[in-house]
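Colleague: Residue numbers (this note's numbering), protein chains in the order written: chain A, 52 to 160; chain B, 3 to 116. The C-beta atom is built at its ideal place from N, Cα and C for all residues, glycine as well. Since the model is a prediction, treat every value here as computed from it, not as a measurement.
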Amino acid sequence: GIQVEQSPPDLILQEGANSTLRCNFSDSVNNLQWFHQNPWGQLINLFYIPSGTKQNGRLSATTVATERYSLLYISSSQTTDSGVYFCAVEEDSSYKLIFGSGTRLLVRP
Amino acid sequence: DSGVTQTPKHLITATGQRVTLRCSPRSGDLSVYWYQQSLDQGLQFLIQYYNGEERAKGNILERFSAQQFPDLHSELNLSSLELGDSALYFCASSGPAGAQETQYFGPGTRLLVL
């Protein structure tokens, strides 16, 4: 099955710093989503981005499907950005999302 | 708020017992997915239903079963519970296609088996 690798596994930032999270996947995908899991455990949709670039406020994401990777950019980080960021992909017509192991982000005031 | 609701939020039970987790999808969504998040296995897909029919199956144990009702809500039944079943169980829903669409996740049910 498809493999999803996220890097870095852990990241500590000072408030106001920028960061880039990476997701590599081993096969072609129909669906790629980025999620933020907050400290209360809730999974929050950030982007649905099987290809191309999207922006939402301080967050943006780019997926290069032909090279099998996606990047999540966080600018001017805030303490509320802390949590775990997951990338998840759907193999061709498989219906299920395969999650990476996540990047744990801590933003210090 | 994703629009997906799950009950209960927390559940504490004993080994050998049976529990039922409930999920209501977003209005208009036909697909319901169940995922399990545990410390050792991460987030794993269990099963998908589309408009009442099972469509895809993942790493779901035989002790677990699910169904989707005519009103599109879904239930996940966990029986003969073991300590290792302690986890956060998520339900997600998506629209008519059931694939290649955004999956929206509910708040989860945190299960603790003692």
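In terms of alpha-carbon separation, which member of B/S4, B/R24, B/D3 and B/L74 lies closest to B/L13?
Modeller: Locating residue 13 of chain B in the second sequence gives position 11, counting from the first residue. Comparing alpha-carbon positions, the option among B/S4, B/R24, B/D3 and B/L74 lying closest to B/L13 turns out to be B/R24.
Colleague: Which residues in chain B sit within 9 Å of A/Q84, going by Cβ to Cβ distance?
Modeller: The residue given as residue 84 of chain A occupies position 33 in the first sequence. Chain B residues near A/Q84: T104 and Q105.
Colleague: Answer with buried or exposed for B/L84, where buried requires no fewer than 16 other C-beta atoms within 10 angstroms of its C-beta.
Modeller: As a working mapping, residue 84 of chain B is identified with position 82 in the second sequence. According to the sequence provided, residue 84 of chain B is Glu. The question's Leu does not apply to it. Flag for B/E84 reads exposed.
Colleague: Which partner residues of A/D143 appear in the DSSP bridge assignment?
Modeller: Residue numbering aside, residue 143 of chain A sits at position 92 when the first sequence is read from its first letter. DSSP, once it has assigned bridges, lists no residue as partnering A/D143.
Colleague: Excluding the 5 residues flanking A/D143 on each side, which residues of the same chain have their C-beta closer than 7 Å to its C-beta?
Modeller: Position 92 of the first sequence, counted from the start, is the residue given in the question as residue 143 of chain A. The answer, listed in chain order, is S79 and N81.
Colleague: For B/S67, decide whether its Cβ has a neighbour in chain A, counting only Cβ atoms nearer than 8 Å.
Modeller: Stepping through the second sequence from its first residue, residue 67 of chain B is reached at position 65. B/S67 does not count as touching chain A.
Colleague: Against chain A, does B/S4 count as a neighbour if the rule is that its beta carbon must be under 8 Å from one of theirs?
Modeller: As a working note, residue 4 of chain B is residue 2 in the second sequence. Output row for B/S4: interface = yes.
Colleague: Going along the chain, which unbroken runs of the alpha helix (DSSP H) with 4 or more residues stay wholly within the stretch 23–111 of chain B?
Modeller: none
Colleague: Going along the stretch 49–64 of chain B in order, which residues come within less than 7 Å of chain A, judged by CB to CB distance?
Modeller: Q50, R57, A58 and G60
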